[in-house]
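Just so it is clear: in the sequence shown, position 286 is 286 by full-length UniProt numbering, and no numbers are missing.
Everything on this sheet refers to the single structure shown next.
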Amino acid sequence: MDDQNFGLTMIGNWLSKNPLQINVSYGLALNAAVEPSNDGGVLHWLNPDSASFKEPVVWKTLINTNSSLVQFDSFVMMDSYDFDSGGDTVAGPSNLLAVLDPVTSSIIFPQSEARRIYDTIPGSSPHLTLPTSTIYNIPCDAEMKLTLTFGELSFTLDQDRLIRRVNETCYGVIEEWTSSTADEYLLGSTFVNNIYLIYRGSNSSSSYGLAQRKEPKAELSLLATIGIGIGVIGFVLASIIATYLITRCCMKRKHRRSNPPVLFEPLNLYRNLPDPDSDPLIPRPFMVPPSPDWRSASQVSIPATPSPDSNPAPNRKSSAQYTTSQRRPSDTATSQPPATLAGPSSPPATQDTRPQNEPRSSTVFIQLQSYSPNNPGSTFYTLTLPTLPVSGPGSHSNFEEVTTPPPYTEHESLRH
Numbered sequence: 001m002d003d004q005n006f007g008l009t010m011i012g013n014w015l016s017k018n019p020l021q022i023n024v025s026y027g028l029a030l031n032a033a034v035e036p037s038n039d040g041g042v043l044h045w046l047n048p049d050s051a052s053f054k055e056p057v058v059w060k061t062l063i064n065t066n067s068s069l070v071q072f073d074s075f076v077m078m079d080s081y082d083f084d085s086g087g088d089t090v091a092g093p094s095n096l097l098a099v100l101d102p103v104t105s106s107i108i109f110p111q112s113e114a115r116r117i118y119d120t121i122p123g124s125s126p127h128l129t130l131p132t133s134t135i136y137n138i139p140c141d142a143e144m145k146l147t148l149t150f151g152e153l154s155f156t157l158d159q160d161r162l163i164r165r166v167n168e169t170c171y172g173v174i175e176e177w178t179s180s181t182a183d184e185y186l187l188g189s190t191f192v193n194n195i196y197l198i199y200r201g202s203n204s205s206s207s208y209g210l211a212q213r214k215e216p217k218a219e220l221s222l223l224a225t226i227g228i229g230i231g232v233i234g235f236v237l238a239s240i241i242a243t244y245l246i247t248r249c250c251m252k253r254k255h256r257r258s259n260p261p262v263l264f265e266p267l268n269l270y271r272n273l274p275d276p277d278s279d280p281l282i283p284r285p286f287m288v289p290p291s292p293d294w295r296s297a298s299q300v301s302i303p304a305t306p307s308p309d310s311n312p313a314p315n316r317k318s319s320a321q322y323t324t325s326q327r328r329p330s331d332t333a334t335s336q337p338p339a340t341l342a343g344p345s346s347p348p349a350t351q352d353t354r355p356q357n358e359p360r361s362s363t364v365f366i367q368l369q370s371y372s373p374n375n376p377g378s379t380f381y382t383l384t385l386p387t388l389p390v391s392g393p394g395s396h397s398n399f400e401e402v403t404t405p406p407p408y409t410e411h412e413s414l415r416h
């Protein structure tokens, strides 16, 4: 390209308006034109994006040549190419004149090289001849791989890039020049969208830099962003609620351990109360004594009152007998005990010959027999009652012998 035409380009125009700038550069991350996308790629003007490509960068100087392809002017030297169709390979020549054109979608080889390639693909044939190139028809399940080498870097295109499908018919992206004299290799957007292309130009020279592209980061749509935001908010809320519930559960467990539950048992209400028998300050209610487990062995009968000069007749129907006798307070322990009537074999009571006005006492002997089999035998109880002499006209003396028992009925049990 001559200097006059260079000044008409976008880059030449920018340099003419910025005379202090020595050169200009840009980076191009192009998307393939055949892809159904409205996004054609990214142009990093004046400053190539280092995050979009990998090192190293292979620089190829743009060549001014008198090519028959007058519509192209971005020529560089390609080192070589290799083609593999699933076993059959084609090795291309070296030092090939190539055109990097982001506008054209196809890859166009010289006739001889394109025919060598399609001869290795069974079922391929020329399909359509255009003014500048011929398109080949190939099987849709064909396997192929094209490798283009620039310096130390090799860029590979597989069948996903090299086969173009239209309905049920498949066409090869690699085309051949209609002119048999054309020996240039046109590398269109199918190749450029697989590399990161850097242009660096000045008034004196220009060059292309080729580098491997980094995988582009997928951009999130608005709905995806909203969904992620809602998910993050939900996760945060769920975490807060879970933390609250776990903390509350731990606090309840700790409280239960430090404060064990109290079970209400009515029978345990008085277990911890003091024993009323051991605490004199606690009033003691009157408790009815339990009934004894023993009774008189026989019924009680009231014998007839004997005469003073006769012995009392024993009651042969009962083993419990009663008698009273008077005893002076001055009687010593050696004095004769009063006569008792304990049964049929009891000795007769002796007659009291003490003076009438002497103080006396009355003693009652009671013999009870228990019904309990664990406590057999009889129990004797003695009751001594002091009496005072009382005299007066028409009164009886308190010193009379009383041989009648207490006023119990015939069938009444004894009391104590």
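Where is the CB? At the ideal position from N, CA and C, for every residue including glycine.
TODO: Determine the extent of the alpha helix (DSSP H) in which K54 is found, giving its start and end residues.
DONE: No alpha helix (DSSP H) contains K54, which DSSP labels as neither H nor E.
Open item on the list: Considering Cα atoms alone, identify which of S179, C249, S239 and V173 is closest to H127.
Closed with: V173
- [ ] For N193, count neighbouring Cβ atoms within 10 angstroms of its own Cβ and tell me buried if that reaches 16, exposed if not.
- [x] Label assigned to N193: buried.
Open item on the list: Tell me the residue span of the alpha helix (DSSP H) that contains T247.
Closed with: Under the DSSP assignment, T247 falls in the alpha helix (DSSP H) whose first and last residues are L222 to S258.
TODO: Indicate whether S206 and Y196 have their beta-carbon atoms separated by less than 8 Å.
DONE: no
Task: Unbroken alpha helix (DSSP H) run spanning V103, endpoints - done: V103 -> no alpha helix (DSSP H), and no H or E assigned at all.
Task: Outcome for S124 when other beta-carbon atoms lying within 10 angstroms are tallied against a minimum of 16 - done: Under this definition S124 is a buried residue.
Open item on the list: Considering only the alpha carbon of each residue, which of G87, K214, T147 and N203 lies closest to L187?
Closed with: T147
Task: Check whether residue 485 and G209 have beta carbons under 8 Å apart - done: Residue 485 lies beyond the range of the chain shown here (1 to 416); nothing can be said about it.
Task: Below-8 Å beta-carbon distance, K254 vs any chain D residue - done: This model lacks chain D altogether; it includes just one protein chain.
TODO: Please work out which residues of its chain come closer than 8 Å, Cβ to Cβ, to R164, disregarding the five sequence neighbours upstream and downstream, and give them in chain order.
DONE: V34, C170, Y171, G172 and V173
- [ ] Return helix, strand or coil for G394, following the three-state DSSP convention.
- [x] With a pLDDT of only 48 at G394, under the threshold of 50, the placement of this residue in the model should not be trusted; the figure read from the coordinates follows. Coil, per DSSP.
- [ ] State buried or exposed for R327, treating a residue as buried only when at least 16 other CB atoms are found within 10 Å of its CB.
- [x] At R327, the pLDDT of 45 sits below 50, so the modelled position is not reliable and the matter cannot be decided from this model.
Task: Among D101, T129 and Y136, the one whose alpha carbon lies nearest that of R115 - done: Y136
- [ ] Under 8 Å Cβ to Cβ from E55, same chain only, skipping five residues before and after it: list those, please.
- [x] A211
TODO: In angstroms with no decimal places, state the Cα-to-Cα distance between K254 and I230.
DONE: Rounded to the nearest angstrom, the two C-alpha atoms are 36 Å apart.
Task: Beta-carbon spacing of S80, T149 below 8 Å - done: yes
Open item on the list: How far does the alpha helix (DSSP H) with T190 in it extend, from its first residue to its last?
Closed with: S189 to V192
Open item on the list: Could you check whether V24 and L15 sit closer than 8 Å to each other, using their CB atoms as the reference points?
Closed with: yes
Open item on the list: Relative to the C-alpha of E152, which candidate in S74, M78, G92 and K145 has its C-alpha closest?
Closed with: M78
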